[in-house]
Amino acid sequence: MSRHLLSAGDLSSDEAIAILDAAKQMHAIQTREVKKLPPLRGRTIVNLFFEDSTRTRSSFEIAGKWLSADVINVSAKGSSMSKGESLRDTVLTVAALGVDALVVRHNASGAVQRIAGWVSCPVINAGDGTHEHPTQALLDAYSLRERLGDLTDRHVVIVGDITHSRVARSNVLLLTTLGARVTLVAPPTLLPAGVGAWECATSWDLDAVLTGKAAGDVDAVMMLRVQRERMGGGLPGGARDPGGVFVPTEREYAIGYGLSPARLDLLAEHAPILHPGPMNRGLEISSVAADSARSMVLDQVQAGVAVRMAVLYRMLAGVDAPALAEASA
Ligand code: ASP
Ligand code: CP
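If you're matching positions, the sequence shown starts at -17 in the numbering used here and goes up one per residue.
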C-alpha cells in the first residue's frame, strides 16, 4: 500500500482484499462491550474537513479512537480560513502540530492530492469534489462481499447523479479491480463527459437494466444522491434549484431514475440495495426501498468504521503489522 490513500485506483486487488479482510477482524470489535485496542496508542490523526460530513468524519473519528489514536477534528467552518488564511498555510499549520496522519475532505477535485504534496505524513482522501472517495468504495465493497461473497463477475448497477459523484468513480475503479462488472445508469445530462473511457457499461434506461434486458442479471443496485449543492455553479436556477439544468423537474427524475417500490420488485431475490448516504427520500430512493430488508444503508455505515480502522491500522502500523488478534493481545 502506498503512503497515501488518494484514489481507489491506487489499490491492487491483493491490497484491497487485504484491507477488506482486516476490516472483517475489525468489524468483530464493534459488537464487543469494550471496543478499544492498543495498536495506534500515541499516534495523532487529524480529520481536516473543508466540506460537510456526517458519516465519514464520525466514522474516521471512531475508527481512530477504537485503535487508541488521539483524533482531532478541524473543519473549515470555525477555522482561521475565515480570516483569510490560505489552504496551504492552514494545512501546514495543522501538520506542524505533530500529526501522524491527515484525513482530508475538500470540495475541490484534486485538492487532497495537492495537500498530500505539501506534508510529510500519510494523507487519506475522505472525498474531493467530484473526483474520488476511496474509503467509501472500500466500505461498499465490504458490504457487497458480506451479502454476495466473492465479487468476481458480479454485476453492480450504479444509478443516479454520476456526473457529480466521487462515489461512482471510486466504485468503478475498485469494483472492477475486484473483478465485478459495473453498469452506470443516469440521464445523459448526469453522465460525465469522458465516461466512455471508464471501465464500465452505461445506460439511460433504468428499467431495461433492472429487468436484465440491457445488461444481464443484476446482483446489486447502488443508488446515488442527486447532488443539488454541486448543480449551482452559476447555472440557471442556481444552487437552490434542485434540478438546475441537469433534470427538468424532481418529479421527472424520480419517475425515470428513482428506486420506486415497483422497481424494487424487479430485482432478483438476492440483490441488495446500497446508498452511500445522505439520502433524498422520495427522489432517488423511495422510503419503501430505503427501509426494506434488502437495503444495506446502515450496514454500509457500520462497515465504514471497520474499513477505516483497517486503513488506519495498515497505514500507521504498517502493512506488515501483526494480525489484529496478535496486536491486541
Ligand atoms: N456522502 C457521499 C459523498 O460525500 C455521497 C453524497 O454526498 O451523496 O460523496
Ligand atoms: N457517505 C458519505 O460520505 O457520507 P457523509 O458525506 O455524511 O460523510
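Using N, Cα and C, we set each Cβ at its ideal position, and we do this for glycine too.
Handout entry: Cβ distance (whole Å) where Met297 is taken to contact Ala83 below 8 Å
Key = On the sequence shown, residue 297 is found 315 positions in, with the first residue counted as 1. On the sequence shown, residue 83 is found 101 positions in, with the first residue counted as 1. Contact between Met297 and Ala83 is confirmed by a C-beta separation of about 6 Å, below the 8 Å threshold.
Practice task
Can you list the residues near the ligand ASP, meaning Cβ strictly closer than 7 Å to any non-hydrogen atom, in the order they appear in the chain?
Solution key: Working through the chain, the matches are Ser35, Arg37, Thr38, Gly109, His115, Gln118, Ser147, Arg148, Val149, Leu206, Arg207, Gln209, Pro258, Gly259 and Pro260.
Handout entry: Proximity below 8 Å, CB of Ile1 to CB of Thr26
Key = As a working note, residue 1 is residue 19 in the sequence shown. As a working note, residue 26 is residue 44 in the sequence shown. For Ile1 and Thr26, no; Cβs fall outside 8 Å.
Practice task
With Asp71 as the anchor, note down where its alpha helix (DSSP H) starts and where it stops.
Solution key: Here residue 71 is taken as the residue at index 89 of the sequence shown, counted from 1. Note, Asp71: alpha helix (DSSP H), Leu69 to Ala78.
Practice task
Report the rounded CA-to-CA distance for Gly178 versus Asp201, giving the unit in angstroms.
Solution key: Stepping through the sequence shown from its first residue, residue 178 is reached at position 196. Stepping through the sequence shown from its first residue, residue 201 is reached at position 219. Rounded to the nearest angstrom, the two C-alpha atoms are 23 Å apart.
Handout entry: Residue ranges of each beta strand (DSSP E) within the region 128 to 162, 3 or longer
Key = 137 to 141
Practice task
Return the first residue and the last residue of the beta strand (DSSP E) that Gly323 is part of.
Solution key: Outside the displayed range of the chain (-17 to 311) lies residue 323, so it cannot be described from this structure.
Exercise for the section: With DSSP as the reference, label His341 as helix, strand or coil. Expected result: For residue 341 there is no data in the structure shown, the boundaries of the chain being -17 and 311.
Problem - 8 Å Cβ cutoff met for Val73 and Leu(-12) - result: Mapped onto the sequence shown, residue 73 falls at position 91. Mapped onto the sequence shown, residue -12 falls at position 6. Cβ distance not < 8 Å, so Val73 and Leu(-12) don't count as in contact.
Problem - Backbone CA spacing between Leu30 and Val86 [nearest angstrom] - result: Here residue 30 refers to the residue found at position 48 of the sequence shown. Here residue 86 refers to the residue found at position 104 of the sequence shown. Whole-angstrom Cα-Cα distance: 5 Å.
Exercise for the section: Look at the Cβ atom of Leu313, then the Cβ atom of Ala236, and state whether they are nearer than 8 Å. Expected result: The requested residue 313 does not occur in the structure, where the chain is confined to residues -17 to 311.
Problem - CB of Val287 within 8 Å of CB of Ala51, strictly - result: The count along the sequence shown starts at 1 and reaches residue 287 at position 305. The count along the sequence shown starts at 1 and reaches residue 51 at position 69. Contact flag unset, no.
Problem - Reduced DSSP secondary structure (H/G/I, E/B, other) of Arg23 - result: Here residue 23 refers to the residue found at position 41 when the sequence shown is read from its first residue. Reduced to three states, the DSSP call for Arg23 is coil.
Practice task
Compute the distance between the beta-carbons of Ala162 and Arg136, then report whether it is under 8 Å.
Solution key: Residue numbering aside, residue 162 sits at position 180 when the sequence shown is read from its first letter. Residue numbering aside, residue 136 sits at position 154 when the sequence shown is read from its first letter. In contact: Ala162 and Arg136 (Cβ atoms closer than 8 Å).
Practice task
For Phe31, write down the residues that DSSP places opposite it in a beta bridge.
Solution key: Against the sequence shown, residue 31 aligns to sequence position 49. According to DSSP, which records beta bridges pairwise, Phe31 is partnered with Ser57 and Arg87.
Practice task
Please determine, among Ser125, Pro116 and Thr159, the residue with the shortest C-alpha to C-alpha distance to Val149.
Solution key: For this step, residue 149 is matched to residue 167 along the sequence shown. The residue with the shortest Cα to Cα distance from Val149 is Pro116.
Practice task
Can you give me the start and stop residues for the beta strand (DSSP E) that Val363 sits inside?
Solution key: Residue numbering for the chain in the displayed model covers -17 to 311; residue 363 lies beyond these limits and cannot be assessed.
Exercise for the section: Measure the CB-CB distance between Leu173 and Thr184 and report whether it falls below 8 Å. Expected result: The sequence position of residue 173 within the sequence shown is 191, counting from 1. The sequence position of residue 184 within the sequence shown is 202, counting from 1. Result yes, Cβ atoms of Leu173 and Thr184 sit closer than 8 Å.
Practice task
Rounded to whole angstroms, what's the CA-CA distance from Phe155 to Gly(-9)? Just pull it up for me.
Solution key: Looking up residue 155 in the sequence shown gives position 173. Looking up residue -9 in the sequence shown gives position 9. It should be noted that the sequence gives Leu, not Phe, for residue 155. Between Leu155 and Gly(-9), the C-alpha separation is close to 5 Å.
Handout entry: Check whether Val28 and Val81 have beta carbons under 8 Å apart
Key = Counting from 1 along the sequence shown, the entry for residue 28 is found at position 46. Counting from 1 along the sequence shown, the entry for residue 81 is found at position 99. Yes, the pair counts as a contact, with Cβ atoms nearer than the cut-off.
Practice task
Could you tell me whether the region 250 to 263 touches the region 202 to 212, where touching means 3 or more Cβ pairs closer than 8 Å?
Solution key: yes
Practice task
Could you pull out every residue in the same chain whose Cβ sits closer than 8 Å to the Cβ of Tyr239, ignoring the five residues on either side in sequence?
Solution key: The count along the sequence shown starts at 1 and reaches residue 239 at position 257. Around Tyr239, the same chain offers Val141, Gly142, Val167, Ala168, Pro169, Leu188 and Glu266 as residues with beta carbons nearer than 8 Å, after the five sequence neighbours per side are excluded.
Practice task
Name the residue from Val283, His252 and Arg263 whose alpha carbon lies nearest to the alpha carbon of Arg276.
Solution key: In the sequence shown, residue 276 corresponds to position 294, counting from 1. For Arg276, the nearest C-alpha among the options comes from His252.
Problem - Arg127, buried or exposed, once every other Cβ within 10 Å from all chains shown has been counted against 16 - result: Taking the first residue of the sequence shown as 1, we reach residue 127 at position 145. Looking at its Cβ environment, which holds 16 or more other Cβ atoms inside 10 Å, Arg127 is buried.
Practice task
Go ahead and pull the three-state DSSP assignment for Leu256.
Solution key: Within the sequence shown, numbered from 1, the residue matching residue 256 stands at position 274. DSSP places Leu256 in strand when its eight states are reduced to three.
Problem - Buried or exposed (CB count within 10 angstroms, at least 16 for buried), Ser269 - result: The residue given as residue 269 occupies position 287 in the sequence shown. That one is exposed.
Practice task
List the DSSP bridge partners of Glu114.
Solution key: Numbered from 1 along the sequence shown, position 132 holds the residue referred to as residue 114. Per DSSP, Asp110.
Problem - Proximity to Ser125 [Cα-Cα], best of Leu294, Tyr295 and Leu280 - result: As a working note, residue 125 is residue 143 in the sequence shown. Nearest C-alpha to Ser125: Leu280.
Handout entry: Collapsed DSSP secondary structure at Arg210 in the structure displayed
Key = Taking the sequence shown and counting its residues from 1, the one referred to as residue 210 is at position 228. It is helical.
Practice task
Just grab the DSSP bridge partners of Arg263 for me.
Solution key: Within the sequence shown, residue 263 is the residue found at index 281, counting from 1. Looking at the DSSP assignment, Arg263 forms a beta bridge with Ile267.
Practice task
Identify which residue in Pro21, Thr75, Asp132 and His88 has its Cα closest to the Cα of Ala(-2).
Solution key: Position 16 of the sequence shown, counted from the start, is the residue given in the question as residue -2. Closest option to Ala(-2), Cα to Cα, is Asp132.
Problem - Alpha carbon of Asp199 to alpha carbon of Val164, nearest angstrom - result: Taking the sequence shown and counting its residues from 1, the one referred to as residue 199 is at position 217. Taking the sequence shown and counting its residues from 1, the one referred to as residue 164 is at position 182. Straight-line Cα distance between these residues: approximately 11 Å.
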